[in-house]
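Worksheet for the structure shown next.
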Amino acid sequence: MINIKMSAIKACIFDLDGVIVDTAVYHYKAWKRLANELGFDFTEEDNEKLKGVSRVRSLELILQWGGVTKTDAEKEELANRKNEWYVEMISHMTPAEILPGAKEFLETCRAAGLKTALGSASKNSMTILNKINLAGLFDAIIDGNHVSKPKPDPEVFLKGAEAVGVPPANCVVFEDAIAGIEAAINGGMKAVGIGSPQVLTKANLVVSGLDKMNLEKLNAL
Ligand code: G6P
Ligand code: MG
């Protein structure tokens with residue numbers, strides 16, 4: 001008897017920063033400028049810890065690392081200042097900045113009849129998707145403007161699944177952050193890590209980038 005395993009996956013949900021594009025460098029430059037203005041330094045190692053972390057939470061962590069206390073009103077002003085610098089930088093992004101294989105894998109998914117959704121903590125995701133000309137490859141776009149609970153809460157991915165009409169058990173999430181992998185698992189979804197297997201230990205599968213992803217691997221999840 002031939003045993004053909006039918007894939008249960010009907011939708012792919014993608015994180016943006018670190019999966020589709022590498023905006024971490026822009027976040028880094030903007031946070032570093034802010035930290036320097038406040039009188040302390042901010043390293044690339046610090047920046048690594050902010051992957052997948054919301055803007056407000058990132059600021060709180062940075063102030064904590066710098067040993068600086070601010071009022072809520074001051075924090076809002078600082079977060080806005082950082083975002084203005086960040087938005088200026090991403091306004092120059094082009095499709096050349098799409099990470100290897102991301103566009104091709106999105107097209108492969110759609111050609112196979114799978115639904116595609118974006119699930120990002122960023123409130124700037126539409127700006128980025130428009131700059132890199134990828135908005136049209138997503139059936140649904142859920143980002144930091146639509147959610148109140150940050151990853152590892154599964155809210156962003158559950159809303160994505162709902163928007164494309166696929167139950168969580170039939171969804172797979174592509175994520176580069178530990179909190180994002182946890183959010184997928186907390187939502188009852190499969191998780192593919194983008195990065196290192198030593199870091200993304202809870203993922204069902206880890207690849208170095210979407211250029212290493214294909215339908216065979218998806219069907220085997
Ligand atoms: C992503 C990035 C984080 C960033 C967050 C919010 O999750 O990995 O580094 O802080 O989005 O981005 P935003 O564009 O709303 O400031
Ligand atoms: Mg990310």
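Just so you know, the numbering used here puts 152 at position 152 of the sequence shown, and the rest follows in order with no gaps. Even for Gly, the Cβ is constructed at its ideal location relative to N, Cα and C.
Practice problem: Tell me Ala11's beta-bridge partners as DSSP assigns them. | Solution: Mapped onto the sequence shown, residue 11 falls at position 11. According to DSSP, Ala11 bridges with Lys115 and Cys171.
Self-check item: Which of helix, strand or coil DSSP assigns to Ala191
Solution: Locating residue 191 in the sequence shown gives position 191, where the first residue counts as 1. Three-state result, Ala191: strand.
Practice problem: Go through its chain and collect everything with a Cβ distance to Ser125's Cβ below 7 Å, but skip five positions before and after it. | Solution: Position 125 of the sequence shown, counted from the start, is the residue given in the question as residue 125. If we look at Ser125 and ignore the five residues flanking it on each side, its Cβ neighbours are Leu16, Leu118, Ile141 and Asp143.
Exercise. Look up Val21 in the DSSP assignment and give the residues it is bridged to.
Key: Within the sequence shown, the letter at position 21 stands for residue 21. DSSP output for Val21 lists Asp17 and Ile98 as bridge partner(s).
Quiz item: Thinking C-alpha only, which one of Leu99, Arg110 and Ile181 is nearest Asp139?
Solution: What you label residue 139 is simply residue 139 of the sequence shown in a count that begins at 1. Nearest option by C-alpha distance: Arg110.
Quiz prompt | Beta-carbon separation (whole angstroms), Met213 vs Phe105, contact threshold 8 Å | solution = Taking the sequence shown and counting its residues from 1, the one referred to as residue 213 is at position 213. Taking the sequence shown and counting its residues from 1, the one referred to as residue 105 is at position 105. So it is a contact: roughly 5 Å between Cβ atoms.
Quiz item: Is Leu205 helix, strand or coil by DSSP?
Solution: Sequence index remark: in the sequence shown, residue 205 carries index 205 (1-based). Three-state result, Leu205: strand.
Exercise. Give the straight-line distance between the Cα atoms of Ser54 and Val156, rounded to the nearest whole angstrom.
Key: Within the sequence shown, numbered from 1, the residue matching residue 54 stands at position 54. Within the sequence shown, numbered from 1, the residue matching residue 156 stands at position 156. Spanning the two alpha carbons is a distance of roughly 12 Å.
Self-check item: the region 91-107 / the region 17-25 touching (three or more Cβ pairs under 8 Å)
Solution: Yes, the region 91-107 touches the region 17-25.
Quiz prompt | For Asn3, the three-state DSSP class (helix, strand or coil) | solution = Numbered from its first residue, the sequence shown carries residue 3 at position 3. Because Asn3 carries a pLDDT of 48, less than 50, the predicted location of this residue cannot be relied on, and the following value inherits that uncertainty. Asn3 falls in the coil class under three-state DSSP.
Quiz item: In terms of residues, what are the limits of the alpha helix (DSSP H) holding Ile141?
Solution: Within the sequence shown, numbered from 1, the residue matching residue 141 stands at position 141. Note, Ile141: premise wrong, no alpha helix (DSSP H); beta strand (DSSP E) at Ala140 to Ile142.
Quiz prompt | Endpoints, the alpha helix (DSSP H) within which Asp46 is located | solution = Along the sequence shown, read from residue 1 onward, the residue named residue 46 stands at position 46. It spans Glu44 to Glu48 - the alpha helix (DSSP H) in which Asp46 sits, taken as one unbroken run.
Exercise. On a CA-only basis, which of Ile62, Ser58 and Tyr28 is nearest Phe40? Give me that one, please.
Key: Locating residue 40 in the sequence shown gives position 40, counting from the first residue. Of the listed residues, the one whose Cα sits closest to Phe40 is Ile62.
Practice problem: Would you mind stating whether Leu34 and Leu78 have Cβ atoms separated by less than 8 Å? | Solution: Position 34 of the sequence shown, counted from the start, is the residue given in the question as residue 34. Position 78 of the sequence shown, counted from the start, is the residue given in the question as residue 78. The answer is yes: Cβ separation under 8 Å.
Quiz prompt | Member of Lys115, Ala102 and Asn219 whose CA lies at the smallest distance from the CA of Leu210 | solution = The residue labelled residue 210 in the question sits at position 210 within the sequence shown. Ranking the options by Cα distance to Leu210, first place goes to Ala102.
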